[in-house]
Amino acid sequence: MRAATTCAKNYSNNHLKEATIFKYLHDGTYHTDTSDEYMGALGLDDDAKHSVLTQKEYEESQQPTPADVFKTERQKLIDSAKVTTASGKSFDADETSITRLANAIIKHWELEPTDTIPWSTADVGTGIMVDCTKAEIVEAHQLATDNFAATWQIPD
4 MRAATTCAKN YSNNHLKEAT IFKYLHDGTY HTDTSDEYMG ALGLDDDAKH
54 SVLTQKEYEE SQQPTPADVF KTERQKLIDS AKVTTASGKS FDADETSITR
104 LANAIIKHWE LEPTDTIPWS TADVGTGIMV DCTKAEIVEA HQLATDNFAA
154 TWQIPD
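Note that this note's numbering has the sequence shown beginning at 4, numbered continuously upward.
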């Protein structure tokens, strides 16, 4: 009679899946050693050993590449980015906010730099509008896009 053996992943970091420790459950105890000797000593037959090794190989193939980890980390930085203009106002600098800033610039392109545009800045509650000059909106957009480019640059 063959003993039941199941496999499971244990992530130390569930979001990025950076450090995966493969383990399998046999007779109520988790094991990480997948050597033929060790699994044989547990009493696993060849089919059970093959199943464990096949599952381990599959799970290891699902690990993110270094490029995936890089992209995930950079995206987190972009999603939480904020910039501060020379006037001291803070603006969200995530991708959606960059688009909104650009849309405001396009919509109000005929305004003078000192004309005001109501804006919900990052340093006030959501939906609370603050008068910002067109120049501040343009500056915030420039700072946000510069931050985006610098964040996504691959380090030397």
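We put the beta carbon where it would ideally sit given N, CA and C, even for glycine.
Who are the near neighbours of residue i in its chain, counting only those whose CB is closer than 7 Å to its CB and skipping five residues on each side?
i, result
"LEU56", "THR37"
"THR87", "SER93"
Buried or exposed for residue i, please, with buried defined as at least 16 other CB atoms from any protein chain shown within 10 angstroms of its CB.
i, result
"ALA84", "buried"
"ILE140", "buried"
"ILE3", "This structure cannot speak to residue 3, because the chain is shown only from 4 to 159."
"LYS26", "buried"
"ILE101", "buried"
"ASP97", "buried"
"MET132", "exposed"
Under DSSP, the alpha helix (DSSP H) around residue i begins and ends at which residues?
i, result
"TRP112", "Per DSSP, TRP112 belongs to no alpha helix (DSSP H) and is neither H nor E."
"ASP50", "49-64"
What is the residue span of the beta strand (DSSP E) that residue i lies within?
i, result
"SER38", "Per DSSP, SER38 belongs to no beta strand (DSSP E) and is neither H nor E."
"SER93", "93-95"
"VAL127", "First-last for VAL127: undefined, no H or E at that position."
"ILE120", "119-122"
"THR154", "Here THR154 belongs to no beta strand (DSSP E); instead the alpha helix (DSSP H) covers 137-155."
Just to confirm my understanding: we take residue i, look at its own chain, exclude 5 residues before and 5 after, and list those with CB closer than 6 Å. What are they?
i, result
"ASP71", "none"
"TRP112", "none"
"ASN17", "No answer about ASN17 holds up, because its pLDDT of 41 lies below 50 and its placement is not dependable."
For residue i and residue j, which I take to be in contact (beta-carbon distance under 8 Å), what is that distance rounded to the nearest angstrom?
i, j, result
"ILE119", "THR136", "First, the amino acid is wrong: residue 119 is Thr here, not Ile. At roughly 6 Å, the Cβ-Cβ gap stays under 8 Å, so THR119 and THR136 are in contact."
"ASP134", "PRO116", "With 8 Å as the limit, ASP134 and PRO116 do not qualify as a contact, their Cβ atoms being about 14 Å apart."
Excluding five sequence neighbours on each side, which residues of the same chain lie with their C-beta closer than 8 Å to the C-beta of residue i?
i, result
"ILE157", "PHE73"
### Query
Do the stretch 136-149 and the stretch 104-117 make contact, defined as three or more Cβ pairs closer than 8 Å?
With a cut-off of 8 Å on Cβ pairs, the stretch 136-149 is in contact with the stretch 104-117, counting three or more such pairs.
### Message
Is it the case that the stretch 119-126 contacts the stretch 79-99, given that we only count it when at least three CB pairs across the two stretches are under 8 Å?
### Response
Verdict: yes, contact present.
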